Amino acid sequence: MASASSSPARAQQAPARYGPRWFDTLARWAAKSWMMLAFFVCFFLFWEVSIDLFHIPPYILNKPSEIVMASRSDFHRLLSYTGITAAEAVIGYVVAITVAVPLGLAIAFSSILRRTIYPFFVSLEMTPKIAFAPIFISWLGFGLLPKVIIVFLVCFFPIVLNAILAFSSLGDELERFCRSTGAGWARVFWKVRLPAAMPQCFVGFKYAALNATVGATIAEFIGSDQGLGFYIQITTGNMRPDLAFAGIFLLTFLGLLMFGAVTLAERLLIPWHISVRRHA
Amino acid sequence: MTTAVQLSNVSKTFGSGPDAVHAFGPVDLTIEGGEFVSLLGPSGCGKSTLMLMIAGLLGASEGEIRVNGERVVKPRTDIGIMFQDNTLVPWRPVEGNIALQLELRGLEPARHKARIDELLKSVRLEGFAHRMPYELSGGMQQRAAFCQALVHDPQTVLLDEPLGKLDAMTRESIRTDLQALWMQKRPTVVFVTHSIEEAVQLSSRVCVVTPRPGRIDRVIEIDLPWPRDLDVKRSPKFAGYVADIQGIFHGFGIL
Chain A
1 MASASSSPAR AQQAPARYGP RWFDTLARWA AKSWMMLAFF VCFFLFWEVS
51 IDLFHIPPYI LNKPSEIVMA SRSDFHRLLS YTGITAAEAV IGYVVAITVA
101 VPLGLAIAFS SILRRTIYPF FVSLEMTPKI AFAPIFISWL GFGLLPKVII
151 VFLVCFFPIV LNAILAFSSL GDELERFCRS TGAGWARVFW KVRLPAAMPQ
201 CFVGFKYAAL NATVGATIAE FIGSDQGLGF YIQITTGNMR PDLAFAGIFL
251 LTFLGLLMFG AVTLAERLLI PWHISVRRHA
Chain B
1001 MTTAVQLSNV SKTFGSGPDA VHAFGPVDLT IEGGEFVSLL GPSGCGKSTL
1051 MLMIAGLLGA SEGEIRVNGE RVVKPRTDIG IMFQDNTLVP WRPVEGNIAL
1101 QLELRGLEPA RHKARIDELL KSVRLEGFAH RMPYELSGGM QQRAAFCQAL
1151 VHDPQTVLLD EPLGKLDAMT RESIRTDLQA LWMQKRPTVV FVTHSIEEAV
1201 QLSSRVCVVT PRPGRIDRVI EIDLPWPRDL DVKRSPKFAG YVADIQGIFH
1251 GFGIL
């Protein structure tokens, strides 16, 4: 859909300017994305109408409008719980990037690490990390730390494995070119290896950003007394699907926000990469 | 003239024991300063391997290589090198890619601005300094890569099939530019190619390389006037060189 609407013929039509630049940007976005928007609107309209149409009782599912109204009644708790879940997800995610990228670099360049830690990581990647959650909670209690650790675990592996791939796949010819200049390791790293590795690193960052909120939510399901995962569990138990859905919407929003932030960072850092140019 | 590149009994074997692959040699060759020498041979004959050994990017298994009288034991930094797949990085514009060669050598690109502009002009890319590589055609990318390989004014230039992936017309046009660049500064050029016509047009001498394991079967002086423009290429003498070399490869069972 996106590629069809951004065909060269349409892109070349310079639209007349009606107002400020942001309005132009918005108008162009709307022109490109109206089908998607229309689908969302239809989806929620269908949901709204079908509750009455199919006589679905309110303890099973509510209308979107009722969910919005209910969330306003519990606004402050939802807001603070969103903050807590966001903190767990973001801290775990950022720590995972900080640890995994340098470690991936080390593994890519050390034959010893590649023969020891790397196979260990690959086998750990097969373990569902969330299986560790009950153990961490029993060790560390209901607080923030066990959730951050679980988010860290679900984010760490995609980042480290992609970073290893990223740092070990510089083309032969580019590497030879660098050697023929006599440049030292650090100079080659900053000028060539690091920028060349960024696109593959971002594959890991994006995948991990999706994992982060999932990890935080499930960790909260398993043992917590606050946060959106906890909220969804409690309200579902109390036969309040309207509030549970409010929590789900906020989690979705949180996930979108994190993914959007990483995508934005990608566009700013590697605007030259094909994956970015294709969507620009 | 002084000797620029001297190969004495050089050979290369990959691996060891029963799985060893004898890729190249033994080869003896002397290249004088300012010569344009082509290594002409079928693919897989090890001519790229030889070029990497001259650059010091690959060790020779036997024999000795000297560049400007010095024995090659580590990567030579006084040469310019270019490959079939260019070494333009996608995150820098054309100008930045040329500057990368300087930056990696610890030089300040701003102080060599005039040199960069002059090179871009010589390959007819003067309006494209700020374009990204992905905005250029394959031929323009290779022209930019020439500038990258030559910006530090190397006395010796190693070109490994730099035109290998281009269409015939673009190749023809870049050959002309390459010849002009060489005639202007007269560096020593080692040019790897599998195109007979290209080798005859550009070279002062053509080394005919046998199929694997590659050996230099014979060295042919190309006695044609410079620049080798369309008139020269239409001459019977040019056609004669091409036919002779075709005959040699026919003898190898390749053509």
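Residue numbers (my numbering), protein chains in the order written: chain A, 1 to 280; chain B, 1001 to 1255. No residue lacks a Cβ here, since even glycine has one placed at the ideal position from N, Cα and C. No experiment lies behind these values; they were computed from the predicted model shown.
Pairs of beta-carbons, one from the region 1137 to 1146 of chain B and one from the region 1167 to 1185 of chain B, closer than 8 Å: are there three or more? yes
At least 3 beta-carbon pairs within less than 8 Å: the region 209 to 226 of chain A vs the region 123 to 142 of chain A: Between the region 209 to 226 of chain A and the region 123 to 142 of chain A there are three or more inter-stretch CB-CB distances shorter than 8 Å, so the stretches are counted as touching.
Report all residues from its chain with a CB closer than 6 Å to the CB of B/Phe-1083; omit the five preceding and five following residues, and keep chain order. Here residue 1083 of chain B corresponds to residue number 83 of the second sequence, with the count starting at 1. Taken in chain order, the residues that qualify are Asp-1160.
Compare the beta carbon distance of B/Pro-1211 and B/Pro-1042 with 8 Å and say whether it is the shorter of the two. Stepping through the second sequence from its first residue, residue 1211 of chain B is reached at position 211. Stepping through the second sequence from its first residue, residue 1042 of chain B is reached at position 42. For B/Pro-1211 and B/Pro-1042, yes; Cβs fall inside 8 Å.
Mapping DSSP to helix, strand and coil, what is A/Met-284? Nothing in the structure corresponds to residue 284 of chain A, since chain A is present only between 1 and 280.
State the start and end residues of the unbroken alpha helix (DSSP H) segment that holds B/Leu-1224. On the second sequence, position 224 is the one that residue 1224 of chain B refers to. Run containing B/Leu-1224: none; DSSP gives neither H nor E here.
If you run the structure through DSSP and keep just helix, strand and coil, what is B/Ser-1038? Within the second sequence, the letter at position 38 stands for residue 1038 of chain B. Correct three-state label for B/Ser-1038: strand.
Looking at chain B, is there any beta carbon in it that lies within less than 8 Å of the beta carbon of A/Ile-135? Along the first sequence, one-based indexing puts residue 135 of chain A at 135. Not one chain B Cβ lies under 8 Å of A/Ile-135.
Chain B contacts made by the region 175 to 187 of chain A, where a contact means CB separation under 8 Å: Arg-176, Phe-177, Cys-178, Arg-179, Ser-180, Thr-181, Gly-182, Ala-183 and Arg-187
In chain A, which residues lie with their C-beta within 8 Å of the C-beta of B/Ala-1055? Counting from one through the second sequence, the residue named residue 1055 of chain B turns up at place 55. Result: Arg-176 and Ser-180.
So with Cβ pairs under 8 Å, would you call A/Glu-173 a contact of chain B? Looking up residue 173 of chain A in the first sequence gives position 173. Interface residue, yes.
Counting only the same chain and skipping the five closest in sequence on each side, list residues whose C-beta sits under 6 Å from that of A/Glu-66. Looking up residue 66 of chain A in the first sequence gives position 66. Excluding residues within five positions, the ones whose Cβ falls inside 6 Å are Asp-242.
Taking C-alpha atoms, which residue in B/Arg-1071, B/Lys-1165 and B/Ser-1061 lies nearest to B/Thr-1085? Stepping through the second sequence from its first residue, residue 1085 of chain B is reached at position 85. What sits at residue 1085 of chain B in the sequence shown is Asp, not Thr. Out of B/Arg-1071, B/Lys-1165 and B/Ser-1061, B/Lys-1165 has the C-alpha closest to the C-alpha of B/Asp-1085.
Please report the straight-line C-alpha distance between A/Ile-51 and A/Ile-234, rounded to a whole angstrom. Working through the first sequence from its first residue, we reach residue 51 of chain A at position 51. Working through the first sequence from its first residue, we reach residue 234 of chain A at position 234. Cα to Cα, the separation comes out at about 23 Å.
Output, in chain order, the set of chain B residues within a Cβ distance shorter than 8 Å of A/Val-101. To locate residue 101 of chain A, count along the first sequence from 1; it is residue 101. Residues of chain B passing the Cβ test: none, with the nearest at roughly 18 Å.
Does any CB atom of chain A fall closer than 8 Å to the CB of B/Met-1132? Position 132 of the second sequence, counted from the start, is the residue given in the question as residue 1132 of chain B. Answer yes: the Cβ-Cβ gap between B/Met-1132 and chain A drops below 8 Å somewhere.
With burial defined as no fewer than 16 other Cβ atoms inside 10 Å of the residue's Cβ, what is the status of A/Ala-4: buried or exposed? Taking the first residue of the first sequence as 1, we reach residue 4 of chain A at position 4. Legend: pLDDT at A/Ala-4 = 43, less than 50; position of this residue unreliable, no value from coordinates given.
Based on the DSSP secondary-structure assignment, which residues constitute the bridge partners of B/Arg-1218? On the second sequence, residue 1218 of chain B is found 218 positions in, with the first residue counted as 1. According to DSSP, which records beta bridges pairwise, B/Arg-1218 is partnered with B/Val-1208.
Count the other CB atoms, across all protein chains shown, that sit within 10 Å of the CB of A/Ser-7; report buried if there are 16 or more and exposed otherwise. What you label residue 7 of chain A is simply residue 7 of the first sequence in a count that begins at 1. For A/Ser-7, the predicted model reports a pLDDT of 43, less than 50, meaning its position is unreliable and no value from the coordinates is stated.
Complete alpha helix (DSSP H) runs within the region 183 to 269 of chain A (minimum length 4 residues, chain order): 185 to 188, 194 to 222, 228 to 237 and 241 to 269
Could you tell me whether the region 55 to 71 of chain A touches the region 189 to 200 of chain A, using the rule of 3 or more Cβ pairs below 8 Å? no
CB contact check: A/Arg-267 to chain B, cutoff 8 Å: Locating residue 267 of chain A in the first sequence gives position 267, where the first residue counts as 1. Chain B contact via Cβ: absent.
Is the number of C-beta pairs between the region 223 to 232 of chain A and the region 242 to 255 of chain A that are closer than 8 Å three or more? yes
Where the alpha helix (DSSP H) through A/Pro-158 begins and ends: The residue you call residue 158 of chain A lines up with position 158 of the first sequence. Note, A/Pro-158: alpha helix (DSSP H), 144 to 167.
Along chain A, in chain order, which residues have C-beta atoms closer than 9 Å to that of B/Leu-1119? Position 119 of the second sequence holds residue 1119 of chain B. The contacting residues do not exist; B/Leu-1119 stays about 17 Å from chain A at best.
Interface residues of chain E around B/Ile-1079 at Cβ under 8 Å? Judged by its chain identifiers, the structure shown contains no chain E, and its protein chains are A and B.
Would you mind sorting B/Lys-1012 into buried or exposed? The rule is 16 or more other CB atoms within 10 Å of its CB. Here the question's residue 1012 of chain B lines up with position 12 in the second sequence. It counts as buried.
Any C-beta of chain A sitting closer than 8 Å to the C-beta of B/Leu-1100? Position 100 of the second sequence, counted from the start, is the residue given in the question as residue 1100 of chain B. Closer than 8 Å to some Cβ of chain A, the Cβ of B/Leu-1100 qualifies, so yes.
Inspect the beta-carbon positions of B/Leu-1058 and B/Val-1209 and report whether they are closer than 8 Å. Here residue 1058 of chain B refers to the residue found at position 58 of the second sequence. Here residue 1209 of chain B refers to the residue found at position 209 of the second sequence. The answer is no: Cβ separation not under 8 Å.
Chain-ordered chain B contacts of A/Ala-196 [CB-CB under 9 Å]: For the purposes of this step, residue 196 of chain A is identified with residue 196 of the first sequence, where counting begins at 1. Near A/Ala-196 (Cβ distances below 9 Å), the residues of chain B are Val-1089, Pro-1090 and Trp-1091.
Closer than 8 Å, CB to CB, is A/Val-192 near chain B or not? The count along the first sequence starts at 1 and reaches residue 192 of chain A at position 192. Interface residue, yes.
According to DSSP, is B/Gln-1084 helix, strand or coil? For the purposes of this step, residue 1084 of chain B is identified with residue 84 of the second sequence, where counting begins at 1. Residue state, collapsed to three classes: coil.
Neighbour list for A/Ile-270 in chain B, Cβ cutoff strictly below 8 Å: By 1-based counting over the first sequence, the position of residue 270 of chain A is 270. Result: Trp-1091.
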